Each structure stands twice: as C-alpha cells, then as structure tokens.
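Undergrad:
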Amino acid sequence: MKKTLLVAAVLCGFTALAQPSNDSLNMRALLHYPVSQWGISGADPDCADIWGYADSASGTEYAIIGNRKGTLVVDVTTPSSPSNALWVPGTNSLWRDIKTWDHYAYVVHDVPSGANPPYNGLLIIDMDSLAQNRWKFLKLPVPRANGQVDTLARAHNLFVDENGILYAFGSNVGAGGAILIDVATDPWNPVTVGLYDGHYFHDGVARHDTLYGAALYSGVVVVNVTLKSNPQAVTSWATPSNFAHNCWLSDDGNTIYTTDEVANGYITGYDISDLSNVDELWRHQVQPNTSLIPHNAHVAGNQVVTSYYTFGVHALDTEFPELPVLVGYYDTSPFTGGGYFGNWGAYPYLPSGRILASDMEEGLFILEPEYPEVSRLKVQLGHINYAVGTNVTYGNITSKDFVYWKNSGDTL
C-alpha cells in the first residue's frame, strides 16, 4: 500500500507508563475526609462540587465543598489535620457549585429537593472573616429585555472572569442562559449588568470579553460579551456526544476542552485560535466501551484535570495540545462503570500544587500529583510500503490519529 500521511507519535517516560496500582497513577491521597468525620449534624452524606481558596497573607489553604444540605469551608493547610472553618446550611439540593473572586466565595445551587422548596439565591462568603461567620444569601434582581424584572433564585453553575464579572448559568431566569453580575466593584453587594438568554447554558468559561457556554444538546456557544448589557452569539459547534456539559480554556486561550457528561462520553480538545474555523484536535475516553462518564475539566498549566465520576480524578498532559497523554489519576470511588456516582469535582489551583477532590459519596480528598516528564516525537511517514515489527498493525490511519509507543518496546 502506498500512502502519504502524517502520524503523530507519543513516547512516554518509564514513570508515566509504569504499572499502576489498582486505583492510582502518579497521584497519592494525603487526606480522605468523609462526611461522617465532619462533625456537623446538619450535613448530608451526599457531596457536590468543590473549589479552593488560598489566603495570600497567611498561606492558609482552604477547601470549599458543596453538600446537599449546605457549604463547608475547611482549612486544609496541613492535610493530616483538616479543620472546619465555616458551615453554611442551605436548602436541600443535589447541586452546589462554587467560585471565588478576591477574598469572597460565591455559591449557587440548582433545583432543590422537595415540593415548593425555598431558594437561597446567591451565597456570598467573606473568606477573610470566617471566624466572624460573615456570609449572606442574596436574591439579585435581573432585568430582562421585555422590561420584566426577575429574581435570581437558583443556578446550576457559575464562573468569574478576570474582570470580576460573574456568570450564573442555568438559572431560573428565562431560558437559563447566563446572568452577568459585577462582583468587582463591590464584591459584598454585587449587581446584575447583563443577561444572555439565547440558549440554556449548563456551565461555561469567559475570557477577554468572550463567553463560551456549554449548552448541552446545542454544543458550545460562543458569545461576545464586550457590551455586557447586550451579549451577542458569535458561533457554535456540536461536541462528539452531543451533550456539552462543561468547557475550560487553555492558559494561552488557543484551545478549549469540553466534556460530554454521558456514558462513553469524551473529553475533547479544540483549536479556537480562529473562531471562524474551529478545529477538533482530539477526543479522549479513558476506558472506551465501559460506560464511564466524564464530568468537569479544568486546566492547570499543561494539565487538563477532569473529575470522571467512578473513575476518579484524571489528568492529561497537553503541553502540545494536539497530543494529549494520560499522566495521572486517582480513583476516589468504590463504584465502577457507568452511573452518576463518585468524583464530582477536582480543583487543581492551590499554591501547594495539591488537588482538592469531592466525591459524591466519599466526601473530601486531598491529592498530591507527581506528574512525570512526557516526551513526544512527531514522525513524518511518506510512501509507506510496509511496516517492520512483529507486533505492529497498520491500517486506516489518518492525519488526526495518534500512534502511542509504550515503553515495552514492542507495541506500536
């Protein structure tokens, strides 16, 4: 067979592909803090998302974890001795998500459990005044284009951009797009500054006045938010499993990573350096055909760290965005296969380099990654007539396929 093609090959160091334990690779647990050890009578066994906060003056590191019955702030500076700093009870809800701006944490919840439940709106926690128990719930007015004024009662998720604009996604207002809230001017008393209501957004990320909304069946929707009072959709594209649940940007903003929250769903990387020509770089399943479900991906340097439900915390090295390599994982869950159990969230931004992880049934984990160095080799193959090697299979390789050489030396 004669063919001219480009094959990308990845050559990994021995550490990266060393035989892993049953539940981890290049990550170890420094702490497992189940709800049963929290000592909070009002807490529920079920946990939701997690975020972190570091006090720049003292160096204290905190985990902020959502629970079905409230929000817990834990001092995790010394992982072997976690200390509860604040518990904020809230309405009964499976979903609680957290982000931070300055020294404030913002928390939203989605549809609470039970008939005619109370809605808390937006929870604001002053992280500089934890000892003073300073927090409040706020139900913000949201003006709409038709002159109607709604109230932010609940939201599915949120994001805060570099300018201090908080985006509340999947709310009770309109189609559940994105409510734009200014938390920079007065973080304790934020105000609504805009609304995008063209699609339902489950989650999203924003940078440089551009919002990328994870719109489930509608894919990823890009919105120009330069004029906060009048956001405008720019483009959109479908994701491989048609269920864009979450998205996150690379540090340079040229790549976006998405997760499809369905059985056998994908983590997918896209080149978005030209929004008029978005290019899929790759799609990844950690264990194909096992019904595993990816949840939320976040980018920390070269790593895309993803909460992967029953598989646990999962890390891809994307130093070269077109050539991802699995460099670490830690399974927080006793469950296997498909289903919405296990690792909900993973926060990889603490100054210590530790990863905070929330497991729906198992509570809080602190993980220490030890990522190996990954070497890559791009090979130009042209006019191929044969391949040498006893364990080599050749066929149907396209310019977007990757060939992985393992360190055994006999697998191509």
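In this text, residue positions in the sequence shown follow the numbering used here: the first is 3, and each later residue adds one.
The beta-carbon is built from N, C-alpha and C at its ideal position, and this holds for glycine as well.
From a predicted model like this one, the values you see are computed outputs, not experimental measurements.
Taking buried to mean at least 16 other C-beta atoms within 10 Å of its own C-beta, is residue 119 buried or exposed?
TA: With fewer than 16 Cβ atoms within 10 Å of its Cβ, residue 119 is classed as exposed.
Undergrad: Mind checking whether residue 112 and residue 172 have CB atoms under 8 angstroms apart?
TA: Closer than 8 angstroms, so yes.
Undergrad: With a threshold of 7 angstroms (Cβ to nearest heavy atom), would residue 167 be considered close to the ligand PLP?
TA: Questions concerning the ligand PLP fall outside what the structure shown contains, since it holds no ligand whatsoever.
Undergrad: Among all the DSSP beta bridges, which residues are the ones paired with residue 415?
TA: There is no way to answer for residue 415, as the model of the chain reaches only from 3 to 414.
Undergrad: Below 8 angstroms, can you find three or more Cβ-Cβ pairs linking the segment 291 to 311 to the segment 261 to 275?
TA: Because the criterion of three Cβ pairs below 8 angstroms is met, the segment 291 to 311 and the segment 261 to 275 touch.
Undergrad: Alpha carbon to alpha carbon, how far is residue 139 from residue 125?
TA: Going from the Cα of residue 139 to the Cα of residue 125 covers about 4 angstroms.
Undergrad: With 16 other CB atoms within 10 Å as the buried threshold, where does residue 191 fall?
TA: Residue 191 is exposed by the Cβ-count criterion.
Undergrad: Quick one: what's residue 317 bridged to in DSSP?
TA: 307 and 330, per the DSSP bridge assignment.
Undergrad: Using C-beta distances below 6 angstroms, list every residue in its chain close to residue 114, excluding the 5 sequence neighbours before and after it, in chain order.
TA: Correct list, in chain order: 93, 94 and 95.
Undergrad: Return the chain-ordered list of same chain residues with a C-beta closer than 7 angstroms to the C-beta of residue 340, the five sequence neighbours on each side being excluded.
TA: Excluding residues within five positions, the ones whose Cβ falls inside 7 angstroms are 265, 293, 294 and 295.
Undergrad: Keeping to the same chain, check which residues put their C-beta closer than 8 angstroms to that of residue 161; ignore five residues upstream and five downstream.
TA: Here the set comprises 101, 168, 169, 171, 205, 206, 207 and 208.
Undergrad: Is the CB-CB distance between residue 246 and residue 309 below 8 angstroms?
TA: Cβ distance not < 8 angstroms, so residue 246 and residue 309 don't count as in contact.
Undergrad: Kindly list the residues whose CB is nearer than 6 angstroms to the CB of residue 24, restricted to its own chain and excluding five residues on each side of it in sequence; keep chain order.
TA: Residue placement at residue 24 is flagged as unreliable, the pLDDT there being 45, under the threshold of 50; the coordinate-derived value follows with that caveat. Excluding sequence neighbours, residue 24 sits near nothing in its chain.
Undergrad: Could you tell me how far apart the beta carbons of residue 345 and residue 320 are, in whole angstroms, since I believe they sit closer than 8 angstroms?
TA: So it is not a contact: roughly 20 angstroms between Cβ atoms.
Undergrad: When you compare each of 65, 98 and 84 to residue 156 by their alpha carbons, which one comes out closest?
TA: For the residues 65, 98 and 84, the minimum Cα distance to residue 156 belongs to 98.
Undergrad: Identify whether residue 37 lies in helix, strand or coil by the three-state DSSP scheme.
TA: Helix at residue 37.
Undergrad: Mapping DSSP to helix, strand and coil, what is residue 362?
TA: It is coil, neither helix nor strand.
Undergrad: Taking buried to mean at least 16 other C-beta atoms within 10 Å of its own C-beta, is residue 342 buried or exposed?
TA: With fewer than 16 other Cβ atoms within 10 Å, it is exposed.
Undergrad: Answer with buried or exposed for residue 67, where buried requires no fewer than 16 other C-beta atoms within 10 angstroms of its C-beta.
TA: Result: buried.
Undergrad: Rounded to a whole number of angstroms, what is the C-alpha to C-alpha distance between residue 136 and residue 184?
TA: For residue 136 and residue 184, the distance between alpha carbons rounds to 20 angstroms.
Undergrad: Rounded to whole angstroms, what's the CA-CA distance from residue 211 to residue 163? Just pull it up for me.
TA: Going from the Cα of residue 211 to the Cα of residue 163 covers about 9 angstroms.
Undergrad: Looking only at its own chain, which residues have a Cβ that is under 6 angstroms from the Cβ of residue 201, when we skip the five neighbours before and after it?
TA: The answer, listed in chain order, is 179, 217, 220 and 223.
Undergrad: Quick check on residue 215: buried or exposed, where buried means 16 or more other Cβ atoms within 10 Å of its Cβ?
TA: The residue is buried, with at least 16 neighbouring Cβ atoms inside 10 Å.
Undergrad: Which first and last residues belong to the beta strand (DSSP E) in which residue 63 is found?
TA: Unbroken beta strand (DSSP E) run through residue 63: 63 to 69.
Undergrad: Which word fits residue 123, buried or exposed, when buried means at least 16 other C-beta atoms lie within 10 angstroms of its C-beta?
TA: Residue 123 should be labelled buried.
Undergrad: Classify residue 389 as buried or exposed, calling it buried when 16 or more other Cβ atoms lie within 10 Å of its own Cβ.
TA: A caution first: residue 389 carries a pLDDT of 39, below 50, which makes its placement in the model too unreliable to give a value.
Undergrad: Are there 16 or more other CB atoms within 10 angstroms of the CB of residue 365, so buried, or fewer, so exposed?
TA: Buried, since its Cβ has 16 or more Cβ neighbours within 10 Å.
Undergrad: Tell me whether residue 184 sits in a helix, a strand or coil according to DSSP, three-state version.
TA: DSSP places residue 184 in strand when its eight states are reduced to three.
Undergrad: From residue 359 to residue 306, what distance separates their C-alpha atoms?
TA: Spanning the two alpha carbons is a distance of roughly 14 angstroms.
Undergrad: On a CA-only basis, which of 254, 271, 242 and 278 is nearest residue 235? Give me that one, please.
TA: Among 254, 271, 242 and 278, the Cα nearest to that of residue 235 is on 278.
Undergrad: Which one of 337, 350 and 154 has the shortest CA to CA distance from residue 250?
TA: That would be 350, whose Cα lies nearest to the Cα of residue 250.
Undergrad: Which word fits residue 63, buried or exposed, when buried means at least 16 other C-beta atoms lie within 10 angstroms of its C-beta?
TA: Flag for residue 63 reads buried.
Undergrad: Whose C-beta lies closer than 6 angstroms to the C-beta of residue 285 among residues of the same chain, with five residues either side of it excluded?
TA: Result list for residue 285: 242, 268 and 270, in chain order.
Undergrad: How would you label residue 151, buried or exposed, when you count the other beta carbons within 10 angstroms and need 16 or more for buried?
TA: By the neighbour-count rule (16 or more Cβ atoms within 10 Å), residue 151 is not buried but exposed.
Undergrad: Quick one: using the 10 Å Cβ neighbour count with 16 as the cut-off for buried, is residue 10 buried or exposed?
TA: Low confidence applies here, because residue 10 scores a pLDDT of 38, under 50, leaving its location unreliable; read the following figure in that light. Looking at its Cβ environment, which holds 16 or more other Cβ atoms inside 10 Å, residue 10 is buried.
Undergrad: Using the rule of at least 16 other Cβ atoms within 10 Å of the residue's Cβ for burial, across every protein chain shown, is residue 69 buried or exposed?
TA: Result: buried.
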